[in-house]
Amino acid sequence: MAEIRVNGVALHYEVRGEGPGVVLVHGSWSDGDSWARVVPGLAESATTVVYDRRGHSRSEDPLTQGSVYEDAADLAGLIRELGLAPAFVYGDSYGALVTLRLASAIPDLLRGIAVHEPPGTGILLADPDLRPIGTAFADRIAAVRELLEQAESAAAAELYVDSLAYGPGAWEQLPAPIRHTYIRNAPTYLDELRDPDALDLDLTGLARFTDPALLTQSDDSAPMFGEVLDLIDLALPKAERHLYPGGGHAPHLSRPEDWVRVVLPRVLV
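Reading the sequence shown from the start, the letters are residues 0 to 268 in numbering that gives the first Met the number 0.
Encoded structure:
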């Protein structure tokens, strides 16, 4: 367990292994422990860094309205302070949006990225043909937000898991420690929803990222994620796609061996 001060905030992080540097960026509600099933496979060949994003679990909460730009700046600071540049970065869900923000803003810090199912509803809402898909997803988010505004953290976490992330009944199947983490970090999701840029992307800026980019989704996830990835695919000069069979919104949890098999070769390039 270690702490590093980045942009005035203390971030909890852990490093394992030796070799090319890879940083894993967790999604909403969770923390660095969510990577426990895949870190051993990566650490055999790479310097593997996991961390809790600001406000999550063991990292400092500055108690101010956050933004996706702060998360991207924190990621940049972490890479610099640990001497990992240029690093490979993998982002899951909201962590994918953070990763893509960094790729568009400071591409020189990276040598490659992989992102899984970024919830970029902003770019769908901006496209008249895709707006109905983005609106439907945004409506489901609104129901979760309403519970969070009422401080109903447990109910909000369950609704998020069952209606947005994994599917009906998934909440009861999650291990108790993961459910506890989601409930504890529930306020951070409300903070993200209050950031007007959180679920948007600079597609023009992504064209400046000329290193390899792996875009992944699962065949049993919401179709919305595929639509978002299609737009990102068009923006990135060196994108490739991968489809996980039955991987859901978090293949690093549901199919860790497959995840390592897909991601590790990209890390080592």
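All C-beta atoms, glycine included, are put in the ideal place defined by N, C-alpha and C.
Its chain contains Arg139 as the residues whose beta carbon lies nearer than 6 Å to that of serine 162, once the 5 sequence neighbours on both sides are disregarded; these appear in chain order. The three-state reading of DSSP puts threonine 47 in strand, counting E and B together.
Burial state of glutamate 69 is buried, judged by a 10 Å Cβ sphere holding 16 or more other Cβ atoms.
Secondary structure at glutamate 171: helix, using DSSP grouped into helix, strand and coil. DSSP, read as helix, strand or coil, puts threonine 180 in helix. CA-CA distance, alanine 75 to valine 97, rounds to 10 Å.
Secondary structure note for valine 14: its beta strand (DSSP E) is the uninterrupted segment 8-15.
Restricted to the region 20-101, the alpha helix (DSSP H) segments that are unbroken, complete and at least 4 residues in length are 38-42 and 67-80, listed in chain order. Secondary structure of threonine 120 (DSSP, three-state): helix. Closest in alpha carbon position to valine 8, among Asp73, Ser27 and Asp32, is Asp73. Sorting Ser66, Arg57, Leu252 and Arg254 by C-alpha distance to the C-alpha of leucine 198 places Ser66 at the top. Separation of threonine 215 and glutamate 226 (C-alpha to C-alpha, rounded to the nearest whole angstrom) is 12 Å.
Counting only residues of its own chain and dropping the five nearest sequence neighbours on each side, alanine 238 has a CB closer than 6 Å to the CB of Ala212, Leu214 and Asp232.
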